[in-house]
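Single-structure report; data block below.
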Amino acid sequence: MKRSKDFILLVVAEIFVVLLTADCLEMAMDRRKQPIFDATIANVTVTEGEIAILPCRVKYLGRYDIIWSRESPYVVLTHKDRRIIDDDRMSVERPTTPAWNLHIRDAEHNDTNRYLCTINTSPVMSKNVVLNVIVPPKILINSSMENVEVLEGGSANLFCNAVGKPEPRVEWHRLTVTDKGEQTQSKLCSNSNKVGSDGEVLVIHNITRHCGDTYQCVATNNRGDSVSKDIKVHVLFPPEVTVPSTRLGQEVGKETVLDCNVTASDPLRKAVWMKDGKEMGDEDKIRIDLYKESKYTRILSLRLMMIRKEHFGVYTCVGANSLGEAMANMTLYDYSLHRRNHMRTTTLSTTTQRGDSHPSFVYPPRRQHHHPNRDFHKENRKSYNDRNRNHIVKDGRLRYKTGRPNYDHVSSDERNSRTRETSSKDGGSRKGVTVGLLAVQMASAWLISMGLRIPFSLL
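This is the structure:
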């Protein structure tokens, strides 16, 4: 039993000696070999904030040491597996025996450089590792704009400062809102142009209210995700007030609505209806509503549910903002009176067309100036009446007067025609009287010749 145990111990001792000898021989052979890198150069690209792993694998390192350094400016970072630089983001990690990887946590753009994994052989052996840290595009909030207010007709300057590596390129888009409330891209105003090599400034010359929208700047460097920022442009202009009609007719007891359009830039300070210098509000049978028709236009509606006589008159629609005030008037009149006047005018016009040359509704005839001596001879009075018998007309009170008609209210052509007609009538009457007198004188002469005497008064 004792011999068997001694035998076992002897066998184990021999095996240990053999293994130890083999390791010593292998180490001796490794020492005779030169270290070998897995590669002589490597390129590593990471995004800012990530961990940059710089690989370095060495075979047959033997008694030599590994040193990590940065090329420009030259700085020694580590020796073996110990960090020398005062930067706790860096460390040497060895997941396997031949691995001597340099880890840089929270990589920054300043970490972009050429790194050397060096073996202190003679001559020195090195492996180059190029690190490229990409900085995604970022828009600087402090130096960019949020909202812009500009007067109509002026110039708007929009700034969008973006940084990144490589240098980002900035593109501008105009965002408009459709009738459905959806936001879509549209073309920039025709008088817009970009300034700067990368288009970081957008200038809109002679801006109008139609250019007031949301403008979006998009920064991209083709190596990272793009970023964007919205800038709201407010175009300011004074209010404009219009009404669809300056006059509106309605009858007592009926309902009507007075509308006016108020166009102004926001914020709208005032939009009211006024009558007789007083602002109107919601009362009994009166309602005022404000509707938004478009981006800048609102409709101010005044609803009179039952019109009374005191409701007739002039209404004023007033709109105001921080840049000024504007107003427009609308007259509400009694349509029943207008209709009666229209019917009377139509009736009189019809009468005129039937042949009444001197209608009673027109200007009254010219006043006649009679001779102050009322005791003049009857024959003269009779002769005077005969001359003016054809010019008896009615005045405004339907009383008959004599005299020549007044044609001041008619056109020149009609006045001339009526004057010729009157002249012809007067001439005819005078000719008839003259012929009658001659006939009477001839008859009297014949009777005298026959021995009869005719009193002169008959003539």
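Numbered per my numbering, the sequence shown spans residues -13 to 445.
All C-beta atoms, glycine included, are put in the ideal place defined by N, C-alpha and C.
Anticipated Cβ contact below 8 Å, residue i with residue j, distance rounded
i: I53; j: M76; result: 13 Å between Cβ atoms; not a contact.
i: P230; j: G310; result: 23 Å between Cβ atoms; not a contact.
i: K215; j: C197; result: About 19 Å separates the two Cβ atoms, so there is no contact after all.
i: S251; j: R195; result: 7 Å
i: I37; j: N87; result: I37 to N87, Cβ: 11 Å. No contact.
Inter-residue Cα distance where the pair is residue i and residue j
i: F23; j: L174; result: 58 Å
i: R375; j: K295; result: Caution applies to R375, whose pLDDT of 43 falls short of 50 and renders its modelled position unreliable; the value that the coordinates give is listed next. Each residue's alpha carbon lies about 49 Å from the other.
i: L222; j: T249; result: 11 Å
i: T242; j: E226; result: 24 Å
i: Y277; j: N315; result: 19 Å
i: L323; j: S287; result: 26 Å
i: E186; j: V149; result: 11 Å
i: I285; j: K264; result: 20 Å
i: T104; j: G35; result: 27 Å
i: N29; j: I217; result: 40 Å
i: C42; j: Y101; result: 11 Å
i: I1; j: I27; result: 44 Å
i: E269; j: V189; result: 50 Å
i: K151; j: D199; result: 31 Å
i: P81; j: P122; result: 31 Å
i: S280; j: N247; result: 11 Å
i: D74; j: R68; result: 11 Å
i: S58; j: K113; result: 15 Å
8 Å Cβ shell around residue i - same chain, five flanking residues per side excluded
i: F298; result: L318, Y319 and D320
i: T107; result: Q20, P21 and Y50
i: T228; result: C246, N247, T249 and A314
Buried versus exposed call for residue i [16 or more other C-beta atoms within 10 Å across all chains shown]
i: G140; result: exposed
i: K256; result: exposed
i: T64; result: buried
i: G305; result: buried
i: R160; result: buried
i: A25; result: exposed
i: D275; result: exposed
i: Y201; result: buried
Proximal residues to residue i (C-beta, below 6 Å), its chain only, five neighbours per side dropped
i: K240; result: I293
i: S212; result: V204 and T206
i: M291; result: E241 and K271
i: Q169; result: L161 and V163
i: A425; result: none
i: M266; result: W259
i: T302; result: M260, M313 and N315
Near the ligand FMN: residue i beta-carbon under 6 Å from a heavy atom
i: G239; result: For the structure depicted, the ligand FMN is absent and the ligand set is empty, with no information on it obtainable.
Nonlocal neighbours in the same chain, by C-beta distance under 7 Å from residue i, ignoring five residues either side
i: K124; result: A148, V149, G150 and V213
i: V61; result: S55 and I71
Cβ pair count under 8 Å reaching 3, the region 127 to 141 against the region 150 to 168: no
Validate contact between the region 111 to 124 and the region 90 to 99 using beta carbons, cut 8 Å, 3 pairs: yes
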